[in-house]
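> Dropping the structure in here first, questions after.
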Amino acid sequence: MTTYEYLISNSSPVPAEKPQPVELKLPADLKQDLLWGDTSLGQSSVLQRVNGESDGKESVYVGILVPHDGEVITVRDAESGDVIPEGIRIYDDTQEKDAVCRLDTGYFIIEMCRGTGMGEGASKWGIRHFMAKAENVDLLSSGNNAIGGFYGPFFTPENGLINPPEHVIADVDLIENGPNMSRYRLAGRIPDGLLPELQGKRFTVTFTFYRDLDLFDRVYDVDHFETEIDGRSVVDRITVGDEFEGGEGELVFDRFASYNPIPYRSGDPYAGFLKDEVRSTLSDETEVTERFAFFKELLDRDLENAHWDLYWRLFSHWENAIEPSALNRRLGHVRSLAHRASDLNDRPWVVSKDAIDVSAHEEQTVFPASSSCTAEFDSRTGRCMIWLTTQSSGAFQIVQRPQSGWVNWGTNGENECPALPIGTKIRTIYGPFGDRWRDRADESRFDGVRVAPRLS
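Shown next as structure tokens:
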């Protein structure tokens, strides 16, 4: 074949040190599954064709390189002496019964699940086990939480608390697989809730994992919708939620930070109002169904310390524990109280240059404002998770609760109002970055590395 030369441009403010996925857009008539790239600085990489992104105009290939600014990559056919890496290992032996596979990326061990649709914490589709091999700590050890779910606007009081990760069994397909990357697509239909405009909606979530890299990518697509949540217009915005667990008394992350300082508020009045409505419903016991007895038995044992899932599940349209008219009335009461509370001035907005000690705040919850680069980390070990997004989320809900060990990163404002535009790409980076996490984020920004044909 004819060789092609491409120029790498890297606008990162920090020197390139880490290997990255590097995308090349080559002529459309190149159909080989694998090509090879040699660089002017002595690097080499197999180039994997991404069939789902290639079309009649161009063929898209992905290599893995340390992308130095000004480096030239020469593309050619793979030869007999070129060593093709094994790629991501895919295993069938899994911890969870609904798991599709266990992946060994070289850097991560990941278990991907389709969900069970049973409406419980352990029912969720997405990543239900996640571990960096060098650290050997599963951030989702129980399998009762997940990375990658999305919730609002479906999981809202307005819609009867429909929970897509817990209420749907996802179809999972391996759509790209080669020596550099594997791509999985999860798809399903969201159960109908109370709002007609949110009924009949389908979704896809596409995860991309890379060989030996400390990051993975994903993107969410949901059928178009327009609705109103928390008294605000919501058009094609969702709540993405990543959960983590350290066990009672232990937090895997104990700080939250944004790349640039942003204002935040502490506390979560909505959660308290929902709990109060649970108490009222248990004492009233009118307009309920046979399913109500299941929740009453569990909640009567210890209402104050009951799991949060039991509170919202009692008021979920999917559970059918309360008659529809009563469900609408009770959720309407919660909404009216929560809307008013979120607009009061008794919880000031604070701007901090330092990372936020979330567990020191009321209800171990903060609601930060808009950002496209955020992180949660452990101040003792330096363990850190970074989220980069191609569009800013308008708000976040961050929870770090030592009592249960539960940690959450969510792209929603108060009262479950979703804030992340559909179609936003999310890059998640994990490792022992500690105070240097901003430098690590700068290395792997989506727009940091560009590859274009070299002009002769």
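At position 105 of the sequence shown the residue is numbered 104 (numbering that gives the first Met the number 0), and the sequence of numbers has no breaks.
Glycine included, every Cβ here is placed at the ideal spot set by N, Cα and C.
1. Quick one: which unbroken beta strand (DSSP E) runs of 3-plus residues sit fully inside the segment 358-402? Chain order, please.
2. Nearest CA to the CA of I261: which residue from E362, L250, V221, C372?
3. Report the three-state DSSP secondary structure of A440 (helix, strand or coil).
4. Measuring alpha carbon to alpha carbon, tell me which of P152, Y90, H223 ends up nearest G230.
5. If N407 sits next to A418, beta carbons under 8 Å apart, how far is it from one beta carbon to the other, in whole angstroms?
6. Any idea what DSSP makes of H128, helix, strand or coil?
7. Between F202 and V218, what straight-line distance do the alpha-carbon atoms span, to the nearest angstrom?
8. Could you tell me whether the segment 156-170 touches the segment 185-205, where touching means 3 or more Cβ pairs closer than 8 Å?
9. In this structure, what does DSSP give as the bridge partners for L34?
10. Buried or exposed, going by whether 16 or more other CB atoms sit within 10 Å of the CB of G266?
11. Anyone know if the C-beta pair for G125 and E165 falls short of 8 Å?
12. Confirm the yes/no value for this check: CB of V333, any heavy atom of the ligand FAD, distance under 7 Å.
13. Just the C-alpha distance for P268 and V74, rounded to the nearest angstrom, thanks.
14. Could you check whether the segment 55-67 touches the segment 9-27, counting it as contact only if at least three pairs of C-beta atoms, one from each stretch, sit closer than 8 Å?
15. Return helix, strand or coil for F107, following the three-state DSSP convention.
16. For E361, does the count of other Cβ atoms within 10 angstroms reach 16, so buried, or fall short, so exposed?
17. Say whether the segment 311-325 touches the segment 268-283, bearing in mind that this needs 3 or more beta-carbon pairs closer than 8 Å, one atom from each stretch.
18. Skipping 5 residues on each side, what residues in its chain have a beta carbon closer than 8 Å to that of P12?
19. Kindly confirm or deny that the segment 334-344 and the segment 241-248 touch, where touching means at least three C-beta pairs closer than 8 Å.
20. Does the segment 377-390 touch the segment 172-191, meaning 3 or more C-beta pairs lie closer than 8 Å?
21. Alpha carbons only, please: which of P178, V99, V136 is nearest the one belonging to A169?
22. Given this structure, state the Cα-to-Cα distance separating P20 from A325, to the nearest angstrom.
23. Quick check: the Cα distance between G409 and R290, rounded to an integer number of angstroms?
24. Below 8 Å on the Cβ atoms is my guess for D211 versus G105; work out the distance and round it to an integer in Å.
25. Could you have a look at L102 and say whether DSSP puts it in helix, strand or coil?
26. By how many angstroms is the C-alpha of L454 removed from the C-alpha of R400?
27. Should Y263 and P347 be called a contact, given that it needs their Cβ atoms to be closer than 8 Å?
28. Using the Cα positions of I397 and K132, report the straight-line distance between them to the nearest angstrom.
29. Within its chain, find whatever has a CB closer than 8 Å to the CB of D37; leave out the 5 residues flanking it on each side and keep chain order.
30. Residues in its own chain within less than 8 Å of R379 by CB, not counting five upstream and five downstream?
31. With distances taken Cα to Cα, identify the nearest neighbour of I174 among Y150, V204, F154, A145.
32. Is E303 helix, strand or coil by DSSP?
33. On the three-state DSSP scale, how would you describe A337?
34. Who does K424 pair with in a DSSP beta bridge?
35. Cα separation between I425 and P18?
36. Quick one: what's G80 bridged to in DSSP?
In terms of the structure at hand:
1. 364-367, 370-376, 383-392, 396-400
2. Counting from 1 along the sequence shown, the entry for residue 261 is found at position 262. Among E362, L250, V221, C372, the Cα nearest to that of I261 is on C372.
3. Taking the sequence shown and counting its residues from 1, one reaches residue 440 at position 441. The answer is helix: DSSP assigns A440 an H, G or I state.
4. For this step, residue 230 is matched to residue 231 along the sequence shown. It is P152 whose Cα lies nearest to the Cα of G230.
5. To locate residue 407, count along the sequence shown from 1; it is residue 408. To locate residue 418, count along the sequence shown from 1; it is residue 419. Wrong, their Cβ atoms sit about 14 Å apart, outside the cutoff.
6. Translated into positions along the sequence shown, residue 128 becomes position 129. Strand, per DSSP.
7. In the sequence shown, counting from the first residue as 1, residue 202 sits at position 203. In the sequence shown, counting from the first residue as 1, residue 218 sits at position 219. For F202 and V218, the distance between alpha carbons rounds to 11 Å.
8. yes
9. Here residue 34 refers to the residue found at position 35 when the sequence shown is read from its first residue. Beta-bridge pairing links L34 to L46.
10. As a first step, residue 266 must be located in the sequence shown, where it is residue number 267. Flag for G266 reads buried.
11. Mapped onto the sequence shown, residue 125 falls at position 126. Mapped onto the sequence shown, residue 165 falls at position 166. Against a cut-off of 8 Å, the Cβ pair of E165 and G125 comes out as no contact.
12. Among the components modelled here there is no ligand, and therefore nothing to report on the ligand FAD.
13. To locate residue 268, count along the sequence shown from 1; it is residue 269. To locate residue 74, count along the sequence shown from 1; it is residue 75. Taking the straight line joining both Cα atoms gives about 57 Å.
14. yes
15. The sequence position of residue 107 within the sequence shown is 108, counting from 1. Strand at F107.
16. Sequence index remark: in the sequence shown, residue 361 carries index 362 (1-based). The residue in question, E361, is exposed, as its Cβ has fewer than 16 Cβ neighbours within 10 Å.
17. yes
18. To locate residue 12, count along the sequence shown from 1; it is residue 13. Only D441 meet the Cβ criterion.
19. no
20. no
21. For the purposes of this step, residue 169 is taken as the residue at position 170 of the sequence shown. Nearest C-alpha to A169: V99.
22. As a first step, residue 20 must be located in the sequence shown, where it is residue number 21. As a first step, residue 325 must be located in the sequence shown, where it is residue number 326. When rounded, the distance between both Cα atoms is 52 Å.
23. In the sequence shown, the residue the question calls residue 409 occupies position 410. In the sequence shown, the residue the question calls residue 290 occupies position 291. Near 30 Å, if we compare the C-alpha coordinates of R290 and G409.
24. Position 212 of the sequence shown holds residue 211. Position 106 of the sequence shown holds residue 105. At roughly 4 Å, the Cβ-Cβ gap stays under 8 Å, so D211 and G105 are in contact.
25. Here residue 102 refers to the residue found at position 103 of the sequence shown. L102: strand per DSSP, three-state reduction.
26. Taking the first residue of the sequence shown as 1, we reach residue 400 at position 401. Taking the first residue of the sequence shown as 1, we reach residue 454 at position 455. Going by the C-alpha atoms only, they are around 55 Å apart.
27. What you label residue 263 is simply residue 264 of the sequence shown in a count that begins at 1. What you label residue 347 is simply residue 348 of the sequence shown in a count that begins at 1. No, these two residues do not count as a Cβ contact at 8 Å.
28. As a position in the sequence shown, residue 397 is number 398, starting the count at 1. As a position in the sequence shown, residue 132 is number 133, starting the count at 1. Computed Cα separation, rounded: 26 Å.
29. Stepping through the sequence shown from its first residue, residue 37 is reached at position 38. Closer than 8 Å at Cβ, skipping near neighbours: S43, I72, T73, R75.
30. As a position in the sequence shown, residue 379 is number 380, starting the count at 1. Closer than 8 Å at the Cβ level, and outside the excluded window around R379, lie D253.
31. The residue labelled residue 174 in the question sits at position 175 within the sequence shown. Among Y150, V204, F154, A145, the Cα nearest to that of I174 belongs to V204.
32. Counting from 1 along the sequence shown, the entry for residue 303 is found at position 304. Note: E303 maps to coil in three-state DSSP.
33. The residue labelled residue 337 in the question sits at position 338 within the sequence shown. Three-state DSSP puts A337 in a helix.
34. Mapped onto the sequence shown, residue 424 falls at position 425. Partner(s): V218.
35. Within the sequence shown, the letter at position 426 stands for residue 425. Within the sequence shown, the letter at position 19 stands for residue 18. Going by the C-alpha atoms only, they are around 18 Å apart.
36. Counted from its first residue, the sequence shown places residue 80 at position 81. According to DSSP, which records beta bridges pairwise, G80 is partnered with nothing at all.
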